[in-house]
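S.K.: Quick one: this structure, given as structure tokens, is what I'll be asking you about.
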Amino acid sequence: MGQSLTSAESRQQIERSRCVTGVKLELSVFLTDFGWFGLLGRDEKIARLTIGHVTSDGVRDAIGQHLANQDDDERPTLDESDWFPTVRRRLERYAAGEPSDFRDCQLESPPRTAFQQHVLEITRDIPFGKTMTYGALAEKAGASRAARAVGSVMASNRVPIIIPCHRVIAAGSKLGGFSAPSGVQLKQQMLTMEAQATG
Numbered sequence: 021m022g023q024s025l026t027s028a029e030s031r032q033q034i035e036r037s038r039c040v041t042g043v044k045l046e047l048s049v050f051l052t053d054f055g056w057f058g059l060l061g062r063d064e065k066i067a068r069l070t071i072g073h074v075t076s077d078g079v080r081d082a083i084g085q086h087l088a089n090q091d092d093d094e095r096p097t098l099d100e101s102d103w104f105p106t107v108r109r110r111l112e113r114y115a116a117g118e119p120s121d122f123r124d125c126q127l128e129s130p131p132r133t134a135f136q137q138h139v140l141e142i143t144r145d146i147p148f149g150k151t152m153t154y155g156a157l158a159e160k161a162g163a164s165r166a167a168r169a170v171g172s173v174m175a176s177n178r179v180p181i182i183i184p185c186h187r188v189i190a191a192g193s194k195l196g197g198f199s200a201p202s203g204v205q206l207k208q209q210m211l212t213m214e215a216q217a218t219g
């Protein structure tokens, strides 16, 4: 694995993206009850959602890291704005404890295998307030021994909450992992909120 970029380097990646011609992406940075979120996409298609940051710069750092993984000739231009306010408001309400369903949101997804895509589609259908184990998800995807592979798919999810990977847990009611700045702490907070909201 490569080294992580510093905050300054991440911001430089964002600045470079504002100057490169090509596809234009919009970034909306906003505060919720679960910390700072960053919503990235274009034409009402969501490419990335980063959540649970302590500061707004934490969001920009995460997006900078994401952009740094793209080749220079593929790097999009980037504008920061209140992009897609309808989804932004829905995410704010979700973080405040309102039962929410994001299955109608359109996504701009990276290339995936058929198995990975199927796992994400099943995950997207897990209802608010419910959970599924990695093993059960693997079995439902037709690969009962692939719980570890399911975990890898969850870790690669670019749009948490919209594809609710936090609802996928380990056996024995253990949380498993979660790719967010505060890790499983945020996962537990989200699951607790959903359980309380659904009674």
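Going by my numbering, the first residue of the sequence shown is number 21, and it counts up by one from there. No residue lacks a Cβ here, since even glycine has one placed at the ideal position from N, Cα and C.
(1) Could you check the C-alpha separation between Ile181 and Arg95 for me, to the nearest Å?
(2) Go ahead and label Pro126 buried or exposed: buried means 16 or more other beta carbons lie within 10 angstroms of its beta carbon, across all protein chains shown.
(3) Under the three-state reduction of DSSP, which class applies to Glu159: helix, strand or coil?
(4) Using only the alpha-carbon positions, how far apart do Asp4 and Ala191 sit?
(5) Which two residues bound the contiguous alpha helix (DSSP H) that contains Arg165?
(6) From the DSSP output, in three-state form, read off Ile71 for me.
(7) Tell me which residues share the same chain as Gly61 and place their Cβ nearer than 8 angstroms to its Cβ, disregarding the 5 neighbours each side in the sequence.
(8) Starting from the Cα of Asp145, find the closest Cα among Val179, Ile183, Phe135 and give me that residue.
(9) Rounded to the nearest angstrom, how far is the Cβ of Thr52 from that of Ala115, given a contact under 8 angstroms?
(10) From the DSSP output, in three-state form, read off Gln126 for me.
(11) How many Å lie between His217 and Gln85 at the Cα?
(12) Quick one: grab the DSSP three-state call for Glu100.
(13) Near Val204, what residues of its chain come up, given a Cβ to Cβ distance below 6 angstroms and the 5 sequence neighbours on each side ignored?
(14) Work out the CA separation of Ala88 and Arg165 for me, nearest whole Å.
(15) For a test of the three-state rule: what should DSSP assign to Ser76, helix, strand or coil?
(16) Quick test of your reading: Gly117 and Met210, contact by CB under 8 angstroms. State the CB separation rounded to the nearest angstrom.
(17) By the 10 Å Cβ neighbour count, where 16 or more other Cβ atoms means buried, how is Thr106 classified, buried or exposed?
(18) Assign Glu118 to one of three DSSP states: helix, strand, or coil.
(19) With a CB to CB cut of under 7 angstroms and the five nearest residues on each side skipped, what residues in its chain are close to Val179?
(20) Is the beta carbon of Ala161 less than 8 angstroms from the beta carbon of His186?
(21) Can the beta-carbon of Gly72 be found closer than 8 angstroms to that of Ala200?
M.R.: On the basis of the supplied data:
(1) Within the sequence shown, residue 181 is the residue found at index 161, counting from 1. Within the sequence shown, residue 95 is the residue found at index 75, counting from 1. The alpha-carbon atoms of Ile181 and Arg95 are separated by roughly 25 angstroms.
(2) On the sequence shown, residue 126 is found 106 positions in, with the first residue counted as 1. Looking at the sequence shown, residue 126 is not Pro but Gln. That one is exposed.
(3) To locate residue 159, count along the sequence shown from 1; it is residue 139. Helix.
(4) Here the chain covers residues 21 to 219 and nothing more, so residue 4 does not appear.
(5) Along the sequence shown, one-based indexing puts residue 165 at 145. Premise fails: Arg165 is in no alpha helix (DSSP H) and is neither H nor E.
(6) Sequence index remark: in the sequence shown, residue 71 carries index 51 (1-based). Ile71 falls in the strand class under three-state DSSP.
(7) As a first step, residue 61 is located in the sequence shown; it is residue number 41 there, counting from the start. Excluding residues within five positions, the ones whose Cβ falls inside 8 angstroms are Leu45, Glu46, Ala67, Arg68, Trp103, Phe104, Glu128.
(8) Counting from one through the sequence shown, the residue named residue 145 turns up at place 125. Considering only alpha carbons, the answer is Ile183.
(9) Residue numbering aside, residue 52 sits at position 32 when the sequence shown is read from its first letter. Residue numbering aside, residue 115 sits at position 95 when the sequence shown is read from its first letter. About 4 angstroms separates the two Cβ atoms, so the contact holds.
(10) Taking the first residue of the sequence shown as position 1, residue 126 is located at position 106. In this structure, Gln126 counts as strand in the three-state DSSP scheme.
(11) Here the question's residue 217 lines up with position 197 in the sequence shown. Here the question's residue 85 lines up with position 65 in the sequence shown. Sequence check: residue 217 is Ala here, not His. So the alpha carbons of these two residues sit roughly 34 angstroms apart.
(12) Indexing the sequence shown from 1 puts residue 100 at position 80. Correct three-state label for Glu100: strand.
(13) Counting from 1 along the sequence shown, the entry for residue 204 is found at position 184. Once the five neighbours on either side are set aside, the close Cβ partners of Val204 are Leu195, Phe198.
(14) Numbered from 1 along the sequence shown, position 145 holds the residue referred to as residue 165. Numbered from 1 along the sequence shown, position 68 holds the residue referred to as residue 88. Their Cα atoms are separated by approximately 34 angstroms.
(15) In the sequence shown, the residue the question calls residue 76 occupies position 56. Residue state, collapsed to three classes: helix.
(16) If you number the sequence shown from 1, residue 117 lands on position 97. If you number the sequence shown from 1, residue 210 lands on position 190. Their Cβ separation, rounded to whole angstroms, is 10 angstroms, which puts Gly117 and Met210 out of contact at 8 angstroms.
(17) Taking the sequence shown and counting its residues from 1, the one referred to as residue 106 is at position 86. Its Cβ having fewer than 16 others within 10 Å, Thr106 is exposed.
(18) As a working mapping, residue 118 is identified with position 98 in the sequence shown. In the structure shown, Glu118 sits in coil (DSSP, three-state: anything other than H, G, I, E or B).
(19) Mapped onto the sequence shown, residue 179 falls at position 159. Ile66, Arg68, Leu69, Leu127, listed in sequence order.
(20) Translated into positions along the sequence shown, residue 161 becomes position 141. Translated into positions along the sequence shown, residue 186 becomes position 166. No.
(21) Position 52 of the sequence shown, counted from the first residue, corresponds to residue 72. Position 180 of the sequence shown, counted from the first residue, corresponds to residue 200. Yes, the pair counts as a contact, with Cβ atoms nearer than the cut-off.
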